[in-house]
Amino acid sequence: MAKRQDQASLGSTDSTSDAAPERMCAVTRESGDARDLIRFVLSPDGIVVPDLERKLPGRGVWVGCSRMLVEKAIRTQAFSKSLKTKADAPADLAERVDNLILKRTTGALSLANKAGLAVAGFEKVFAALEKGPVRVVLHGADAAADGRSKIDRKYKAIQADRGQPAAIVDVLTIAQMSLAIGRGSVVHAALTPGGLSDRFLEEAERLARYRHSTIEAAPGGGERISDFLAEG
């Protein structure tokens, strides 16, 4: 996150304002795109709760999208300091955030599947790549390397020819992918272009960022890949 503290704020009731897209992390004191931070608010009984939609009322505290930063915010009482009032942050708050982002990610995958945007299975993914275009390729985090490498090589080559990054997601386990798509043993899957595919990719990127893993991209890297994928 860029160090631009002059125009950032620790919290705002207008959390979705386009006029102020940057927020300051209460831990690092660095500002960045609100999509790269997590907003927290106080419940009526003074408990710190995550506001992943950035829509809950009240003053928010923003923390970088990192489990380590959330844990540090708890240890250093960053929530109380930012809000200037007693704020009870549960000891398992970082795990709760992980579970919430995971739920949003699997939910987005389920919606994309119901919209007819998902294909599952090695052969079907390969066929989807041949037919094109494919927005995202998914592998179970516990998938064997052999099948994955064959799909990835083909996908990267196709996307390189199109001048597009290859979005390859492996933040979900085989069991989690299978449950979201509604069939047994989904090791490999792909999503064709569509708004729900974009939504899944955004949530998967957030989960990867929170866990300090990455969404593989080729060519390029280091940016939010969902910002650079062209329609079609």
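Quick note: to get my numbering, add 899 to the position in the sequence shown (first position is 1). From the three backbone atoms N, C-alpha and C, an ideal C-beta is built for every residue, glycine too. Remember, it's a predicted structure, so these values are computed and weren't measured experimentally.
{"Query": "Please specify which runs of the beta strand (DSSP E), each continuous and at least 3 residues long, are wholly inside the segment 1043–1079, giving them in chain order.", "Result": "1066–1068"}
{"Query": "Please determine, among 961, 1090, 967, the residue with the shortest C-alpha to C-alpha distance to residue 1036.", "Result": "1090"}
{"Query": "By alpha-carbon positions, which one of 998, 997, 1020, 974 ends up nearest to residue 987?", "Result": "974"}
{"Query": "Can you tell me whether residue 1007 is helix, strand or coil according to DSSP?", "Result": "helix"}
{"Query": "According to DSSP, is residue 990 part of a helix, a strand, or is it coil?", "Result": "coil"}
{"Query": "Might you give, ordered along the chain, the residues of its own chain that have their beta carbon closer than 7 angstroms to the beta carbon of residue 932, omitting 5 neighbours on each side?", "Result": "920, 921"}
{"Query": "Among 1034, 929, 1025, 1098, which has the Cα closest to the Cα of residue 1064?", "Result": "1034"}
{"Query": "Quick check on this structure: which residue in 1040, 1082, 938, 952 has the alpha carbon closest to the alpha carbon of residue 977?", "Result": "938"}
{"Query": "Using a Cβ-Cβ cutoff of less than 6 angstroms, which residues in the same chain neighbour residue 1038 once the five nearest sequence positions on both sides are dropped?", "Result": "1047, 1069, 1087"}
{"Query": "Would you check if there are 3 or more beta carbon pairs closer than 8 angstroms linking the segment 1047–1059 to the segment 987–999?", "Result": "no"}
{"Query": "Does the separation of the CB atoms of residue 925 and residue 981 fall below 8 angstroms?", "Result": "yes"}
{"Query": "Pull up the CB-CB distance for residue 963 and residue 941, whole angstroms please, since I reckon it's below 8 angstroms.", "Result": "Incorrect: roughly 19 angstroms between the Cβ atoms, too far for contact."}
{"Query": "Quick one: Cα of residue 967 to Cα of residue 929, how far?", "Result": "15 angstroms"}
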